[in-house]
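>
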DNA sequence: GTCTATATGGCGATAGAC
DNA sequence: GTCTATCGCCATATAGAC
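Chains as they are written, first to last, in my numbering: chain A, 1 to 203; chain B, 1001 to 1203.
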């Protein structure tokens, strides 16, 4: 499907995601979204009545991109260590293709947490499943016992932070060299997997 | 100094930080800041000419809160492991007292990275110093060799992420129980220190 | 469905009285 | 220094022609 075959609705949704992610909710304007979509401002309201409704329509789509990495990992019948490797690889790849999403999610998460939480549930994400898997592994003695929530939040922080803080980190540590930072981000797959292995290693 | 003895300028700065941190730059309005400060909108412009200038005046102050944790650590003559412990304890304490700052910084970092970078330098932060310390320890053979930037960004991600993503994490994993999440955040001091020790442990 | 034109309101910023 | 009143602009949203 090329550019001309896209429905107007799809063009709007793509454009709105681009702009909302770039500028945040308050920073984005309907005019800018219309320009990005190559249509008129009034048409946005024809399709999505209000800015808020347009935002929500696009947002669920964005959020759901990160669901497959988790579910694929949980459903696989590999060992726990291999599941973690799979998760990190998938998650970083998805982040790398959608590098602006973390900041976008963090912003929205502050603006309207209830909305975000609702979207997360409707997107089919089930973090409790992962917690359950971790607890089972602890029971089986495969990994050290502890609060699985620390484990999971460690994992997320290690993966997400370098993307959310990219503009600053790239300037501080890489002379604002974009390619060098991209390479660094991909290196992190190995770094994080090694660290996870140390976390689940029994001494 | 009680509420009445504060200068108007100070009241404005406090109010602007509160509102900017709560709503982000675009989301905050001069009217809301004036209300928060208990003064008139025009007075904001009398003291700080523009919204942008008001923002910058308050921001440098906020950012500088995180500098002491780093410098104190670097200047101490303790072992590397102890330095890391010191850093984590100080950093998490500061985050805990200013829990909204991470998100605020991340937002601003996307809106105007150059401004943020300039402020960071003028606040006296010298991340290169930490990199240098880590490299020296690697040379001495005290910690495993590797890219010190991964080490540092791991550290930051582990500390900062749970604060930046708090509204979501608290809902997902703690039934939105604020006290439970606060306790969890403070537990992380130990969790992160243990993890750091595993990172610097030579097998 | 898509456009131009416009209504309506809030925004940042300023003028000027006190 | 502090206020009220207001300017000019741009935001979201709507009306109505085609």
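Quick reminder that beta carbons are idealized off the backbone N, C-alpha and C, glycines included.
Of all the alpha helix (DSSP H) runs that stay within the bounds of the stretch 1110 to 1142 of chain B, which reach a length of 4 or more residues?
As summarised for the stretch 1110 to 1142 of chain B, the continuous alpha helix (DSSP H) elements at least 4 residues long and confined to that stretch are 1113 to 1122 and 1127 to 1140, given in chain order.
> Shortest alpha-carbon distance to residue 265(A) belongs to which of 109(A), 178(A), 104(A) and 200(A)?
Outside the modelled stretch of chain A, which goes from 1 to 203, sits residue 265(A), for which no answer is possible.
> Report yes if the CB atom of residue 86(A) is closer than 8 Å to the CB atom of residue 108(A), and no otherwise.
no
> Taking 8 Å as the CB-CB limit, is residue 20(A) close to chain B?
Interface residue (Cβ-Cβ distance to chain B less than 8 Å): residue 20(A) is not classified as such.
> Please look up how many angstroms separate the CB atoms of residue 1154(B) and residue 195(A), rounded, as I've assumed it's under 8 Å.
7 Å
> Do you know offhand how far residue 179(A)'s Cα is from residue 170(A)'s?
10 Å
> What is the DSSP secondary structure of residue 1095(B), counted as helix, strand or coil?
helix
> Taking the alpha helix (DSSP H) that residue 167(A) falls in, what are its first and last residues?
Boundaries of the alpha helix (DSSP H) around residue 167(A): 166 to 174.
> Does the stretch 1018 to 1031 of chain B touch the stretch 7 to 27 of chain A, meaning 3 or more C-beta pairs lie closer than 8 Å?
yes
> Find out if the Cβ-Cβ distance for the pair residue 37(A), residue 48(A) is shorter than 8 Å.
no
> Please list, in chain order, all residues of the same chain as residue 1160(B) whose beta carbon is under 8 Å from its beta carbon, the five residues on each side excluded.
1095 and 1102
> So, is the C-beta of residue 150(A) closer than 8 Å to a C-beta in chain B?
yes
> Starting from residue 1198(B), find everything on chain A with Cβ-Cβ shorter than 9 Å and list it in chain order.
Contact annotation for residue 1198(B) against chain A: 195, 198, 199 and 201 [CB-CB distance below 9 Å, chain order].
> With a threshold of 6 Å on Cβ separation, who are the neighbours of residue 31(A) within its own chain once the five nearest residues in sequence on each side are excluded?
Hits under 6 Å: 41.
> Ignore the nearest five residues each way along the sequence and tell me which others in residue 130(A)'s own chain have a CB closer than 7 Å to its CB.
70, 74 and 152
> Answer yes or no: do residue 119(A) and residue 63(A) have a C-beta to C-beta separation smaller than 8 Å?
Cβ distance < 8 Å, so residue 119(A) and residue 63(A) count as in contact.
> Just verifying my parser: in three-state terms, what is the DSSP assignment at residue 40(A)?
coil
> At a CB-CB cut-off below 7 Å, which residues of chain B make contact with residue 167(A)?
1109, 1110 and 1113
> Which of the residues in the stretch 1152 to 1166 of chain B, read from start to end, lie with their CB under 9 Å from any CB of chain A?
1152, 1153, 1154, 1156, 1157, 1158, 1159, 1160, 1161, 1162, 1164, 1165 and 1166
> Which of the residues in the stretch 1023 to 1055 of chain B, read from start to end, lie with their CB under 9 Å from any CB of chain A?
1023, 1024, 1025, 1026, 1027 and 1028
> Buried or exposed for residue 34(A), please, with buried defined as at least 16 other CB atoms from any protein chain shown within 10 angstroms of its CB.
buried
> Please confirm whether residue 1134(B) has its beta-carbon closer than 8 Å to some beta-carbon of chain A.
no
> Residue 1078(B) to residue 115(A), Cα distance in whole Å?
47 Å
> For residue 1127(B) versus residue 1135(B), is the C-beta spacing smaller than 8 Å?
no
> Do we get a CB-CB distance below 8 Å when we pair residue 119(A) with the residues of chain B?
no
> Go through its chain and collect everything with a Cβ distance to residue 164(A)'s Cβ below 8 Å, but skip five positions before and after it.
102, 103 and 106
> For residue 191(A), decide whether its Cβ has a neighbour in chain B, counting only Cβ atoms nearer than 8 Å.
yes
> Quick check: residue 1158(B) and residue 156(A), are their CB atoms within less than 8 Å of each other?
no
> 8 Å is my cut-off, CB to CB: does residue 80(A) come that close to chain B?
no
> Just confirm the distance between the C-beta atoms of residue 185(A) and residue 162(A), as a whole number of angstroms; I'd bet it's less than 8 Å.
6 Å
> Under 9 Å between beta-carbons, which chain A residues line up against residue 1184(B)? List them in chain order, please.
Result: 147, 149, 150 and 153.
> What three-state label does DSSP hand residue 1145(B) in the structure shown?
coil
> Apart from the five residues just before and just after residue 1091(B), which ones in its own chain have a Cβ nearer than 6 Å to its Cβ?
Hits under 6 Å: 1069 and 1159.
> Would residue 1197(B) be called buried (16 or more neighbouring beta carbons within 10 Å of its own) or exposed?
exposed
> So, helix, strand or coil for residue 28(A), using DSSP?
coil
> What number of angstroms, rounded off, separates the C-alpha of residue 1051(B) from the C-alpha of residue 84(A)?
Pairing residue 1051(B) with residue 84(A), the inter-Cα distance amounts to about 46 Å.
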